[in-house]
Amino acid sequence: MISIPEMIGYLAATLTTASFLPQAILTIRTKDTESLSLSMYSLFTLGVLCWLIYGIYIDDKAIIFANAITLVLAATILFCKIYNVLFKKG
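107 is the number that our numbering gives the last residue of the sequence shown; the numbers go up by one with no jumps.
Written out as structure tokens, the structure is:
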């Protein structure tokens with residue numbers, strides 16, 4: 018049976034990951050990254066990677082779940098931003 022703290026962890030993981038989806042979907046669909054900060058997304062993506070590594074290290078499934086999905090979304094947005102900066106699109 019799942020404990021209350023685990024339920025809270027999974028709820029937090031689901032909410033924070035889901036909150037990131039609209040930005041990822043919009044960026045992927047429009048390819049518009051002009052208003053996004055390259056330094057912020059670089060640091061955020063690195064931070065999410067560190068959280069994922071930490072979650073793996075302590076074997077916390079909620080942290081692993083949330084950060085694995087968020088890492089894919091954040092890295093996708095970061096890739097779009099870098100591509101647009103390199104090719105002068107924003």
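Where a beta carbon is used, it is the ideal one built from N, C-alpha and C, also for glycine.
Quick caveat, the model's predicted, so the values are computed rather than measured.
Taking methionine 57 as the centre and dropping the five residues before and after it, the same chain places no C-beta closer than 7 Å to its C-beta. Secondary structure note for isoleucine 80: its alpha helix (DSSP H) is the uninterrupted segment 78 to 103.
Cβ-Cβ distances below 6 Å link isoleucine 86 to Thr34 in the same chain, with the five nearest sequence neighbours on each side left out; the list follows chain order. By a beta-carbon distance limit of 8 Å, valine 65 contacts alanine 91. Their separation comes to about 5 Å. Exclusion of the five residues before and after lysine 98 leaves Thr50, Leu53, Leu55, Tyr58 as the residues of its chain whose Cβ lies within less than 7 Å of its Cβ.
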